[in-house]
Amino acid sequence: MSFAGCAETIWQAVMALQQPSLAGFSVEILPEIDSTNSELMRRARAARTEPTLLVAQQQTAGKGRLGRAWASAPGDSLTFSLGLLLQPGSWDGLSLAVGTSVAGSLHADIGLKWPNDLWVNEHKLAGILIETTSVGTQRYAVIGIGINIAPQDAQGFATPPTCLQALLPQCGAAQALERVALPLLRDVLQFEREGFAPFASRFAARDVLQGRALQLSDGLQGVGSGVDAQGALLVQTAGGLQRVGSSEVSVRPVTYGLSPL
Ligand code: BTN
Numbered sequence: 028m029s030f031a032g033c034a035e036t037i038w039q040a041v042m043a044l045q046q047p048s049l050a051g052f053s054v055e056i057l058p059e060i061d062s063t064n065s066e067l068m069r070r071a072r073a074a075r076t077e078p079t080l081l082v083a084q085q086q087t088a089g090k091g092r093l094g095r096a097w098a099s100a101p102g103d104s105l106t107f108s109l110g111l112l113l114q115p116g117s118w119d120g121l122s123l124a125v126g127t128s129v130a131g132s133l134h135a136d137i138g139l140k141w142p143n144d145l146w147v148n149e150h151k152l153a154g155i156l157i158e159t160t161s162v163g164t165q166r167y168a169v170i171g172i173g174i175n176i177a178p179q180d181a182q183g184f185a186t187p188p189t190c191l192q193a194l195l196p197q198c199g200a201a202q203a204l205e206r207v208a209l210p211l212l213r214d215v216l217q218f219e220r221e222g223f224a225p226f227a228s229r230f231a232a233r234d235v236l237q238g239r240a241l242q243l244s245d246g247l248q249g250v251g252s253g254v255d256a257q258g259a260l261l262v263q264t265a266g267g268l269q270r271v272g273s274s275e276v277s278v279r280p281v282t283y284g285l286s287p288l
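Here it is, written out as structure tokens:
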């Protein structure tokens with residue numbers, strides 16, 4: 028399947044939702060751009076806030092979390108961003124809801140690593156980068172998703188990558204986009220109406236940190252104890268249950284070591 032064919036299918040399915048907030052929705056496939064997130068943020072700052080699914084066949088300056096780069100080779104990856112005006116009661120838990128949506132559309136064996144990585148067997152399959160900007164009294168959200176489709180070069184990764192074709196051998200980037208796009212839009216709109224609560228149990232079912240010894244980049248150590256109603260990570264430490272709300276910290280399971288609590 029080509030991206031052009033899948034763009035049309037997605038557009039028709041989204042139009043069939045007849046959602047007033049999705050009026051003017053478009054699907055754009057670009058051969059190359061620095062970053063789909065950066066492009067939608069630039070457009071929003073220029074008051075172009077129509078709902079857009081922007082796909083790049085190649086990113087030349089893909090962005091990851093915590094100021095990292097997101098490298099992806101054309102054909103081996105799916106890189107796209109969804110941009111739209113959103114007015115949720117609270118933004119807490121949006122990245123967890125997005126991860127839950129994407130994992131749920133792809134495969135039962137995909138786990139979620141707080142706050143927004145998709146993992147399979149300790150290897151990173153996909154990442155999510157959400158950015159927002161004010162537009163008048165409203166906020167425009169850019170939800171960027173990068174999914175490894177075919178085997179990746181593992182050099183330089185803190186967490187070794189895996190790819191979707193290890194789970195779904197016939198699935199290319201366009202097929203993956205067609206699987207995730209419509210459910211993602213529906214789930215983002217549900218998040219806008221209802222917040223993180225409807226996603227909490229589905230997140231918990233895929234939570235790869237639950238019950239594991241964890242090391243956080245701010246020095247905290249403890250055992251993963253799920254997430255709270257706001258999507259904050261709960262860590263059982265020697266000093267009691269700690270709530271980690273900031274997505275500015277990174278967390279990883281400790282395979283060996285951490286003294287018993
Ligand atoms: C991470 O795991 O650090 C987040 C990675 C997010 C990558 C995607 S690819 C599409 C979109 N455009 C970007 O520049 N980044 C996101």
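Yeah, the sequence shown ends on 288 if you go by the working numbering, and it's all consecutive. Using N, Cα and C, we set each Cβ at its ideal position, and we do this for glycine too. Keep in mind that this is a model prediction, so the values were computed, not measured.
Helix, strand or coil for residue i? Go by DSSP, reduced to three states.
i, result
"Glu55", "strand"
"Asn64", "helix"
"Leu195", "coil"
"Arg166", "strand"
"Ala71", "helix"
"Ala256", "coil"
"Leu93", "helix"
"Pro47", "helix"
"Ala224", "helix"
"Glu158", "strand"
"Thr264", "strand"
"Pro188", "strand"
"Ile172", "strand"
"Ser104", "strand"
"Leu288", "Low confidence applies to Leu288: its pLDDT is 39, below 50, so where it sits in the model is not reliable enough to give any reading."
"Gln179", "coil"
Does residue i pass the burial test, meaning 16 or more other C-beta atoms within 10 Å, or should it be called exposed?
i, result
"Val281", "exposed"
"Asp214", "buried"
"Pro78", "buried"
"Ala100", "exposed"
"Pro115", "buried"
"Arg233", "buried"
"Asp144", "buried"
"Asn148", "exposed"
"Leu268", "exposed"
"Glu66", "buried"
"Ala50", "exposed"
"Gln197", "exposed"
"Pro142", "buried"
"Ala31", "exposed"
"Leu139", "buried"
Between which two residues does the alpha helix (DSSP H) carrying residue i extend?
i, result
"Ile37", "Phe30 to Ala43"
"Arg229", "Ala227 to Arg233"
"Pro210", "Ala200 to Glu221"
Which two residues bound the contiguous beta strand (DSSP E) that contains residue i?
i, result
"Gln114", "Where Gln114 is concerned, there is no enclosing beta strand (DSSP E), given that its DSSP letter is neither H nor E."
"Ala124", "That residue, Ala124, is in no beta strand (DSSP E); its alpha helix (DSSP H) goes Leu121 to Leu133."
"Arg279", "Val278 to Pro280"
"Gly267", "Gly267 to Val271"
"Trp146", "Asp144 to Val147"
"Gln237", "No beta strand (DSSP E) holds Gln237; DSSP gives it neither H nor E."
"Thr79", "Thr79 to Ala83"
"Leu247", "First-last for Leu247: undefined, no H or E at that position."
"Gly138", "Gly138 to Lys140"
Throw me the rounded Cβ distance for the residue i and residue j pair, which I believe falls under 8 Å.
i, j, result
"Thr63", "Ser108", "4 Å"
"Arg166", "Leu112", "7 Å"
"Thr189", "Leu152", "5 Å"
"Ser48", "Leu216", "7 Å"
"Leu81", "Gly126", "19 Å between Cβ atoms; not a contact."
"Ala34", "Val54", "4 Å"
Is there a Cβ from chain B that is less than 8 Å from the Cβ of residue i?
i, result
"Val235", "The structure shown has no chain B; it contains just one protein chain."
Report yes or no: do three or more beta-carbon pairs, one from the region 216-233 and one from the region 58-76, lie closer than 8 Å? no
I'd like to know if the region 255-265 and the region 108-120 are in contact, where contact means that at least 3 CB-CB pairs between them fall below 8 Å. yes
Check whether the region 238-255 touches the region 155-162, counting contact only when three or more Cβ pairs, one atom from each stretch, lie closer than 8 Å. no
Cβ pair count under 8 Å reaching 3, the region 125-137 against the region 191-206: yes
contact_flag[the region 172-180, the region 86-104] where n(CB pairs < 8 Å) is 3 or more: yes
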